[in-house]
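Read top to bottom, the protein sequences are chains S and A.
The numbering of the first sequence is the working numbering, which starts it at -2 and goes up by one.
The numbering of the second sequence is the working numbering, which starts it at 7 and goes up by one.
Cβ coordinates follow ideal geometry from the N, Cα and C atoms, glycine included.
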Amino acid sequence: MNSVAPSADRELVEAVLRGAPGAFETLVRAHQGLCWHIIYRMVRHPEDARELCQETFLRVHQKLHQYRYESALKSWIGQIAYSIALRHLERRKISLVDLHPELPQTDPLERIGDDFDLEAACADEQTTRLLHQAIESLPALPRTLLTLYHLDELTIPEITQITGLPSGTIKSHLFRSRLKLRQLLEPAIGVFP
Amino acid sequence: MNDPSQHDQPSWVQREWAAQERARQEEHLALDASASDPLVRRYRLAAHALRQPLPDALPPDFATQVAGSLLHARQDANETRLEQIMLIGLCGLLGIVALVILTSYAGAWLPAMRAALPAADPSHRWLLIFAGCAGVSYLLGRGPAQRLGRG
Chain S
-2 MNSVAPSADR ELVEAVLRGA PGAFETLVRA HQGLCWHIIY RMVRHPEDAR
48 ELCQETFLRV HQKLHQYRYE SALKSWIGQI AYSIALRHLE RRKISLVDLH
98 PELPQTDPLE RIGDDFDLEA ACADEQTTRL LHQAIESLPA LPRTLLTLYH
148 LDELTIPEIT QITGLPSGTI KSHLFRSRLK LRQLLEPAIG VFP
Chain A
7 MNDPSQHDQP SWVQREWAAQ ERARQEEHLA LDASASDPLV RRYRLAAHAL
57 RQPLPDALPP DFATQVAGSL LHARQDANET RLEQIMLIGL CGLLGIVALV
107 ILTSYAGAWL PAMRAALPAA DPSHRWLLIF AGCAGVSYLL GRGPAQRLGR
157 G
């Protein structure tokens, strides 16, 4: 058996399995952030997300004896969180992706002005609000992938382990959604034809 | 579209992908944006927004709550198991008592029961057995709530 999990993961898992006081609480605390990011981005509703996070960790506890250290513990837990969120969306017949993705087939051919002030744009409330609205309006899957990649700073292979999606598909979603966000901002920050 | 990072992709796709990745890296390292090209700077705006904390969060005592609910679930499961063991024990005891009573007093009851039955006609006896089996099948087919008149 190939073990790629860090030794800290192994120690924590063994402590939980032998019932060490506080071990499970430590495990939850260490991974609740990732779990929340995955589930909240997938389902969007905070109350549902909290319940699903609780369900995730109860499932983690139930299945922990099956964890074989073949991936990092966070990836294993992330996988459970993702599948629980996925099932939640499937029950509500909510689509994961944009069924009619719009992607330019040719170069957008914009002449990007050189005077774009990033610092000013980050500080501009309207631009920030527009951007966050745009992120929220993305379909569940690309929204979640963007969060895992940018906020949680997971690698593409780690995201593959969590979602089961091929790396090419993940990159495709990241590419399309980031391009869409950039193009959405152009009217606000100015582009010169 | 498949993998945008592949070299067989159109040049504009490769350019945009490279700018997106560079923006992500620069934002991660908090580099000064003034040296970057304009396209990278635009993607840094999106990368910056994507790195902001999510609007909602789990309660601060979430981990304690989850661990606590697990403890309660375990206690409930233990209590249910105890109840089941006691129920099985009680049914077993009742069964033994019934058997003892039956064997002790069967000699007195059986002749009186035979006399009370409609006739010694064999067809009536089979009819009674059939009715008994049908009744048991019917009761087993209903859920507990229905048997108690709640269904």
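In the displayed model, A/P65 falls within coil according to three-state DSSP, outside both helix and strand.
Per DSSP, the unbroken alpha helix (DSSP H) holding S/V57 starts and ends at 43 to 60. Between the alpha carbons of S/G30 and S/L181 lies a gap of roughly 29 Å. When 8 Å is used as the limit between beta carbons, S/R84 is near no residue of chain A, the shortest such separation being about 19 Å.
Residue-level contact check: S/A118 touches chain A, since one or more beta carbons of chain A fall below 8 Å from its beta carbon. Nearest to A/R57 by alpha-carbon distance, out of S/D45, S/T166, S/H34, is S/H34.
The beta-carbon of A/R50 is placed less than 8 Å from the nearest beta-carbon of chain S. Residues Q29, C32, W33, I36, A78 of the same chain have their beta carbon placed closer than 8 Å to that of S/C50, with the five preceding and five following residues left out of the count. Between the alpha carbons of S/L70 and S/A12 lies a gap of roughly 14 Å.
The C-beta of A/E22 comes closer than 8 Å to at least one C-beta of chain S. Cβ contact annotation for S/R140 (same chain, cutoff 7 Å, sequence separation greater than five): R38, I132, in chain order.
For the set S/Q130, S/R26, S/R15, the Cα lying nearest the Cα of A/P65 is the one of S/R26. Contact between the segment 47 to 55 of chain A and the segment 18 to 33 of chain A is present: 3 or more CB-CB pairs across the two stretches fall below 8 Å. Boundaries of the alpha helix (DSSP H) around S/I35: 20 to 40. Residues of chain A with a Cβ closer than 7 Å to the Cβ of S/K168 are, in chain order, D9, P10, S11.
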